[in-house]
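For the sequence shown, my numbering assigns the number 85 to the initial residue and increments by one for each residue that follows. Note that beta-carbon positions come from the ideal geometry of N, C-alpha and C, so glycine has one too.
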Amino acid sequence: MTSSTVPPAAAKGTRVATLRLRRIDPWSAMKTGFVFAIGLGLMYVVAAVLLYLFASAAGVFESFNSTFSELTGSEGPFAFTLVGVLTISLVFAVIEVVVTTLLFAVIAMLYNASASVTGGVSVKLGED
């Protein structure tokens, strides 16, 4: 065998393995999705609180309420408070955690169904 016919990885003495991902355990995917969703939900809550604090400091809510009262002749339909913003963002975060966790499990099951037909994803691993 000449060096031109030897794959580059083998010429360097590197071991190469081609593996197929044929199945993803839905329970494992769901646990991973839960951890991912908790982090994402925490980011939602922190972002909502920071946006509220910046908007409140900039006077956005006072401007909105005064414009609304000038246009309609009555007070605004609701008041923006930190507790309200935190409550709404927590509700959305909990919903997001549940949906994302279930979605990870469903996607794993869909992958398993398609991998039985297609053979799964082929991955080539090499050692340095």
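Rounded separation between residue i and residue j - CA only
| i | j | result |
| --- | --- | --- |
| Leu-194 | Gly-203 | 13 Å |
| Ala-113 | Ala-142 | 43 Å |
| Asp-109 | Gly-123 | 22 Å |
| Arg-107 | Ala-199 | 7 Å |
| Val-100 | Thr-116 | 28 Å |
| Ser-150 | Thr-156 | 10 Å |
| Ile-191 | Val-201 | 16 Å |
Environment of residue i [buried if 16+ CB atoms lie within 10 Å]
| i | result |
| --- | --- |
| Ala-173 | Note that residue 173 corresponds to Ser in the displayed sequence, not to Ala. By the neighbour-count rule (16 or more Cβ atoms within 10 Å), Ser-173 is buried. |
| Ala-163 | exposed |
| Lys-208 | exposed |
| Phe-138 | exposed |
| Phe-148 | exposed |
| Gly-168 | exposed |
| Ala-177 | buried |
Among the options, the one whose alpha carbon lies nearest that of residue i
| i | options | result |
| --- | --- | --- |
| Glu-180 | Val-119, Ser-150, Ser-206 | Val-119 |
Residue j beta carbon less than 8 Å from that of residue i
| i | j | result |
| --- | --- | --- |
| Val-205 | Leu-105 | yes |
| Ala-121 | Thr-171 | no |
| Glu-211 | Thr-102 | no |
| Tyr-136 | Leu-166 | yes |
| Glu-159 | Ser-153 | yes |
Beta strand (DSSP E) segment containing residue i, residue limits
| i | result |
| --- | --- |
| Ser-206 | 205-210 |
| Thr-102 | 100-105 |
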